[in-house]
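Residue numbers 1345 to 1985, in our numbering, belong to the letters of the sequence shown in order. Backbone N, C-alpha and C fix where the C-beta goes; we use that ideal spot for every residue, glycine too. Fair warning: this is a prediction, and the values are worked out from it, not measured in the lab. Here is the structure we will look at, set down as structure tokens.
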Amino acid sequence: MFIPITEVIKQMRRRNLLKGIGVTVLQFVFRPALALPFGLKRSVIHRVRPSDPLWPSAASWAKLKAQVGGNLIQPRALFADCQTDANGEACAEVRKSIRNPFYIGDQPAGTEVSGWLDAWTPAPSAYAVRARNAADVAAAVNFARENNLRLVVKGGGHSYLGTSNAPDSLLVWTRAMNKVTVHDAFVGQGCKARTSAVPAVTVEAGAMWIDVYHAVTTEAGRYVQGGGCTTVGVAGLIQSGGFGSFSKGFGTAASGLLEAEVVTADGRVRIANACTNPDLFWALKGGGGGSFGVVTKVTLLTHELPEYFGYAGGRIKAQSDAAFQQLIARFISFYRESLFNSHWGESVSIGPDNTLRLNMVCQGLDNQQVANVWKPFFDSVKNSKDLTAADLEAGAGRARHWWDIADRKRRGNDSMISDSRPGAPATHAYWSGDQGQVGAFLHGYDSLWLPASLLENSQQSRLADALFAASRQKKVELHFNKGIAGAPPAAAAATRDTATNPAVVDAFVLVIIADGGLPAYPGLARPSTSPAPNPAASSGVNSAANSVVNPPMNLDFARGNAHKIDLAAAELRKIAPNAGSYVSESNYFNASWQKEYWGTNYPKLRAIKKKYDPEGLFFVHHGVGSEDWTADGFTRVAKGS
Ligand SMILES: Cc1cc2nc3c(=O)[nH]c(=O)nc-3n(C[C@H](O)[C@H](O)[C@H](O)COP(=O)(O)OP(=O)(O)OC[C@H]3O[C@@H](n4cnc5c(N)ncnc54)[C@H](O)[C@@H]3O)c2cc1C
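Next up, the structure:
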């Protein structure tokens, strides 16, 4: 709800503040917006900040606090204690824990990455409601709307684009809502006459995927499609579309959504499923987090668990550029013949150092089948005098133990790292491959979907050449599980029935090109310039060292990195000009975000946004409807005369 000027004046009178500051009030409400596109007529409305006279009084905040059972807090920046007492215990604690994603997620001001060069810097909200249930969320939403506040929603805090934090805002923080309930037979509310019961799992919005996998797979012996990174928040990933290692077999995470409970901008707690509010239901399936309401719980379809999950890995280095080009071409041909199916996902990377790194996983193949699939390719590599291979391996194990931390420990498998804090649940662990991203400071990031037509025989050399050209600039990662071409028809159809750009269904891969450096949270200060490049930063987002004693950041070097990412992505856009990009793993500066994230679905999403959030209470950077606002989400810019 935006406050018209007459109402502003009335409110000011009520607060006895108008006397003597009337002019200030008018200036505040109609402060001119900066840097508007040429030709726009201005109708500007501002949300209030703590420094504004209309910021809620202490008594109002106290009332909200009582309403939410005392769970209203004033978050502090992660390293605030280090600024006041660099040698104190509190500072030592944050320094010790800052590479632990569970610790970061437990902090109201925690963000999994520590910002993005020239894009965003982590900033705590003025207040946060640590919500316990939908009623707490509704109280926060109503308070934000009635007081014209900037509202932010945070679950797992893994937004690369920084959309779950904003200064001067009220945060709805769902971390404490993390219950997981497995059902043998679930029917959505209002769906009894239309659909039959299916096995499912209901998850509160703030849970992490590891909590879901533990309950569904390790304990109940079933499969649910979620995300790859175990510490990502459930509601954030579903609204992203969301991919896990085995999405090639089961579709996007959003495609498995059966029902959501969501608090909309009017403060109502609504059910969204195929029978009740189906338009909102569709928008929540990939329409982007933080744009349509606050999701308080989701119910997801569960599947029969495949007997085996498997893995293939290793590094192959070519002795020359020519040999590397041949290797890329050979791998594409092998992928097309043997891996382009519902079994195989995850990634390979193609590096400027002429190295192909394999990090593939599969579902539904036993140990021997996996070995058979890879033998011809591994043999050809081993027999080549132009290639050197290391750690080539492929195999499979019982799927039920994939996320079973205790079993991995028993087997001496170190691919998952446990939350090391005293009292942490023994089931909480994350993939060691994700360590480099914890706290990382992003220099640049981009992604694009490549259509499966590029795998046709006549197109493979174009694809190989473009990948080689891109890899001259930056390491290029091919995430096969994030393109749905090759999936079973039912998984493809379910994914098509989501808000994600339909290009995902025709794509065999999502290419990700990214780089960054060591943590750079505010307060973990380092000089902003230095003549010496930071060697750790150049090693990539996925390999930042496990240290917080950071060398100075070299801004020229970081900007150079960002530029190389742009150049690499441009090479690939030449062969896929209408590629599309994954909203949650994308370029902060993408100017065509509506088209790239949602393609032909965007107008429908825009209409649904207008219906459920006509005043734009929910704003995130490059979210549906965000074009109506200035970049900080504080000033509305309405087109028209
Ligand atoms: C290390 C890392 C690994 C990742 N791995 C994967 C992966 O394997 N697969 C994949 O698909 N993506 C992956 N991502 C991207 C990730 O899925 C998205 O960023 C996702 O949106 C994060 O959700 P979150 O709750 O953790 O993050 P948050 O930052 O808390 O939220 C992300 C967005 O969703 C909104 N949101 C969160 N909760 C709610 C809610 N309850 N209601 C409404 N809006 C909400 C927030 O406002 C924000 O805009 C990864 C990201 C990181 C940093």
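Nearest-angstrom beta carbon gap, residue j and residue i [assumed within contact, 8 Å]
{"i": "residue 1516", "j": "residue 1576", "result": "The Cβ separation is near 18 Å, so there is no contact."}
{"i": "residue 1603", "j": "residue 1621", "result": "In fact, because the Cβ distance is near 10 Å, the residues do not count as touching under 8 Å."}
{"i": "residue 1541", "j": "residue 1530", "result": "6 Å"}
{"i": "residue 1684", "j": "residue 1830", "result": "5 Å"}
{"i": "residue 1857", "j": "residue 1909", "result": "5 Å"}
{"i": "residue 1843", "j": "residue 1629", "result": "6 Å"}
{"i": "residue 1653", "j": "residue 1707", "result": "5 Å"}
{"i": "residue 1867", "j": "residue 1424", "result": "6 Å"}
{"i": "residue 1491", "j": "residue 1607", "result": "So it is not a contact: roughly 17 Å between Cβ atoms."}
{"i": "residue 1444", "j": "residue 1764", "result": "7 Å"}
{"i": "residue 1846", "j": "residue 1945", "result": "7 Å"}
{"i": "residue 1817", "j": "residue 1935", "result": "Contact flag wrong, Cβ pair sits at about 20 Å."}
Simplified DSSP assignment, three categories, for residue i
{"i": "residue 1483", "result": "helix"}
{"i": "residue 1528", "result": "strand"}
{"i": "residue 1653", "result": "strand"}
{"i": "residue 1687", "result": "coil"}
{"i": "residue 1548", "result": "strand"}
{"i": "residue 1498", "result": "strand"}
{"i": "residue 1678", "result": "helix"}
{"i": "residue 1913", "result": "helix"}
{"i": "residue 1711", "result": "helix"}
{"i": "residue 1332", "result": "Because residue 1332 is not part of the residues shown, which for the chain are 1345 to 1985, the question remains open."}
{"i": "residue 1855", "result": "strand"}
{"i": "residue 1721", "result": "helix"}
{"i": "residue 1949", "result": "helix"}
{"i": "residue 1519", "result": "coil"}
{"i": "residue 1472", "result": "strand"}
{"i": "residue 1693", "result": "strand"}
{"i": "residue 1536", "result": "coil"}
{"i": "residue 1848", "result": "helix"}
{"i": "residue 1561", "result": "helix"}
{"i": "residue 1446", "result": "helix"}
{"i": "residue 1968", "result": "coil"}
Span separating the alpha-carbon of residue i from that of residue j
{"i": "residue 1394", "j": "residue 1613", "result": "28 Å"}
{"i": "residue 1518", "j": "residue 1809", "result": "46 Å"}
{"i": "residue 1883", "j": "residue 1783", "result": "Low confidence applies here, because residue 1883 scores a pLDDT of 31, under 50, leaving its location unreliable and the question unanswered by this model."}
{"i": "residue 1526", "j": "residue 1766", "result": "28 Å"}
{"i": "residue 1972", "j": "residue 1513", "result": "18 Å"}
{"i": "residue 1743", "j": "residue 1728", "result": "34 Å"}
{"i": "residue 1734", "j": "residue 1700", "result": "11 Å"}
{"i": "residue 1590", "j": "residue 1560", "result": "15 Å"}
{"i": "residue 1554", "j": "residue 1562", "result": "10 Å"}
{"i": "residue 1456", "j": "residue 1860", "result": "13 Å"}
{"i": "residue 1441", "j": "residue 1428", "result": "18 Å"}
{"i": "residue 1488", "j": "residue 1981", "result": "19 Å"}
{"i": "residue 1722", "j": "residue 1715", "result": "10 Å"}
{"i": "residue 1585", "j": "residue 1434", "result": "38 Å"}
{"i": "residue 1800", "j": "residue 1825", "result": "19 Å"}
{"i": "residue 1535", "j": "residue 1524", "result": "22 Å"}
{"i": "residue 1962", "j": "residue 1805", "result": "45 Å"}
{"i": "residue 1850", "j": "residue 1405", "result": "50 Å"}
Residue i beta carbon near ligand 3 (any heavy atom closer than 8 Å)
{"i": "residue 1539", "result": "In the structure shown, ligand 3 is absent; the only ligands present are ligand 1."}
Cutoff 9 Å: residue i Cβ touching any chain D Cβ
{"i": "residue 1621", "result": "Going by chain labels, chain D is absent from the structure shown, which holds only one protein chain."}
Using 8 Å as the threshold, is the stretch 1749–1768 in touch with the stretch 1657–1677, meaning 3 or more CB pairs across them?
no
Enumerated in chain order, which unbroken segments of the alpha helix (DSSP H) with a length of 4 residues or greater are wholly contained in the stretch 1757–1840?
1804–1815 and 1833–1840
Examine the Cβ distances between the stretch 1758–1772 and the stretch 1727–1739 and report whether three or more of them are shorter than 8 Å.
no
The stretch 1964–1972 / the stretch 1621–1637 touching (three or more Cβ pairs under 8 Å)
yes
Is the number of C-beta pairs between the stretch 1792–1807 and the stretch 1915–1931 that are closer than 8 Å three or more?
yes
contact_flag[the stretch 1460–1479, the stretch 1415–1424] where n(CB pairs < 8 Å) is 3 or more:
yes
Does the stretch 1592–1608 touch the stretch 1821–1841, meaning 3 or more C-beta pairs lie closer than 8 Å?
yes
Curious, which full-length alpha helix (DSSP H) runs of at least 4 residues does the stretch 1727–1759 contain?
1749–1754
Write down every uninterrupted run of the beta strand (DSSP E) in the stretch 1571–1647 whose length is 3 residues or greater and which is fully enclosed by it, in chain order.
1601–1607 and 1613–1617
Sufficient close CB pairs (3 or more, under 8 Å) joining the stretch 1564–1584 to the stretch 1498–1514:
yes
Given 8 Å as the limit, is there contact between the stretch 1478–1487 and the stretch 1448–1463, that is, 3 or more CB pairs closer than that?
no
Closer than 8 Å is the cut-off here; do at least three beta carbon pairs connect the stretch 1646–1662 with the stretch 1547–1567?
yes
Counting pairs of Cβ atoms below 8 Å between the stretch 1578–1588 and the stretch 1654–1661, do you hit three or more?
no
Residue ranges of each alpha helix (DSSP H) run of no fewer than 4 residues wholly in the stretch 1918–1947, ordered along the chain?
1937–1942
Could you tell me whether the stretch 1490–1497 touches the stretch 1447–1455, where touching means 3 or more Cβ pairs closer than 8 Å?
no
Sufficient close CB pairs (3 or more, under 8 Å) joining the stretch 1767–1777 to the stretch 1898–1912
no
Runs of beta strand (DSSP E) wholly within the stretch 1386–1434 (minimum 3 residues, chain order)
1388–1390
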